[in-house]
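Written out below as structure tokens is the structure these notes cover.
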Amino acid sequence: MKRENRAPCFVFPMGMEAAPFLRRLEVLSRERRGKSTYRRAFFEGSRVLVVRCGIGPSRAASSIRNLDERPAWIVGVGTAGALEDALRVGHMVISSTLVCPEESARSYQSDPLIIETLCQACERAHATYRVGTIASASRPVFDRRGRNELRRKTAALAVDMESYWLAQEAERLGVPFAALRVISDDIDAPPLPEYADWRPLLRSPLNLIARIRPYLRWRTFLRDFRAAIEELPPVLVEALRCWNRYGSSGG
236 MKRENRAPCF VFPMGMEAAP FLRRLEVLSR ERRGKSTYRR AFFEGSRVLV
286 VRCGIGPSRA ASSIRNLDER PAWIVGVGTA GALEDALRVG HMVISSTLVC
336 PEESARSYQS DPLIIETLCQ ACERAHATYR VGTIASASRP VFDRRGRNEL
386 RRKTAALAVD MESYWLAQEA ERLGVPFAAL RVISDDIDAP PLPEYADWRP
436 LLRSPLNLIA RIRPYLRWRT FLRDFRAAIE ELPPVLVEAL RCWNRYGSSG
486 G
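In structure tokens form, the structure reads like this:
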């Protein structure tokens, strides 16, 4: 993988997904363009770009279109829902192919050298990982029935809401791409109830009792989500170190 003096780029949907990784970097600048936030940073003497794109297809796509420099490669990073029984919270999925059941025209193949780098990074970080298809949907897919149907249609390991459109724009830009997603909810996780501000309920025990099940479901989801995103920084750090080794050896 040849360096060519361009920085690698990591794109996260949410700031809370990026935050643990950003704490490992020396952030030099932060700029808002459109709905996305772009940070230039250093890690162990080398440049890296970190983008917070926002959730969903349109924000993912526009974050790549609004880049003001051409990265060496792009990795879409974040959380995903499992589509396979064997995947558990904290397991990594590295994309080999990106598909979207709503856009049947084509799929996107991930760059083999980025896949190799991410596999090495997972091994160095002692992370459990799989390489396979990631499906992207324009709406959340939480229930088991919906996930089983998506698995049947796509043979994907996991589902998110951004990777397909990041891959689409990366190809248009002519930049290698792959996705790294950590499982934040397994296939048996129950659907999330409608979100509510639970703080007032804590001051009203009778109302809280009536809503205890959805409250506990959200608490469980957020616990697993936070645990999952803490698994990402060690892998991303090792990916950058692998990249630096490739660069110093000339490819």
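Positions 236 to 486 (our numbering) are the ones given, in order, by the sequence shown. Here a beta-carbon is modelled for each residue, glycine too, at the ideal position from N, C-alpha and C. Fair warning: this is a prediction, and the values are worked out from it, not measured in the lab.
Each of R268, P375 and T332 was checked against the Cα of L415, and the nearest Cα belongs to T332. Contact annotation, R386 with L318: C-beta distance approximately 4 Å; criterion of less than 8 Å satisfied. It is roughly 11 Å from the alpha-carbon of N383 to the alpha-carbon of L392. Cβ-Cβ distances below 6 Å link V312 to F245, F247 and L415 in the same chain, with the five nearest sequence neighbours on each side left out; the list follows chain order. By DSSP's assignment, C244 forms a beta bridge with L284 and I309. Excluding the 5 residues flanking it on each side, N301 has same chain C-beta neighbours closer than 7 Å at R268, G269 and S271, in chain order. Taking C-beta atoms as the reference points, F456 and D423 fail to come closer than 8 Å. Secondary structure note for A253: its alpha helix (DSSP H) is the uninterrupted segment G250 to L257. Comparing alpha-carbon positions, the option among A463, R305 and P243 lying closest to I349 turns out to be P243. Ranked by how close their Cα comes to the Cα of A307, the residues Y343, P411 and D320 have P411 in first place. DSSP places R359 in the uninterrupted alpha helix (DSSP H) bounded by P347 to R359. Rounded to whole angstroms, the gap between the alpha carbons of A360 and R259 is 15 Å.
The straight-line gap separating the alpha-carbon atoms of W478 and L467 is approximately 17 Å. Residue state for F377 is assigned as coil, using DSSP reduced to three classes.
I418 has its alpha-carbon roughly 29 Å from the corresponding atom of S281. Rounded to the nearest whole angstrom, the CA to CA distance from Y343 to G291 is 18 Å.
Contact check for T352 and A463: beta-carbon distance about 21 Å, past the 8 Å limit, so the pair fails to qualify.
With fewer than 16 other beta carbons inside 10 angstroms of its own, T363 counts as exposed. Secondary structure of L408 (DSSP, three-state): helix. Closest option to M251, judged by alpha-carbon separation, among R461, P469, V472 and A405: R461. In this structure, P336 lies away from A390, with their beta-carbon atoms at least 8 Å apart.
In this structure, DSSP gives T363 a state outside helix and strand, which the three-state scheme calls coil.
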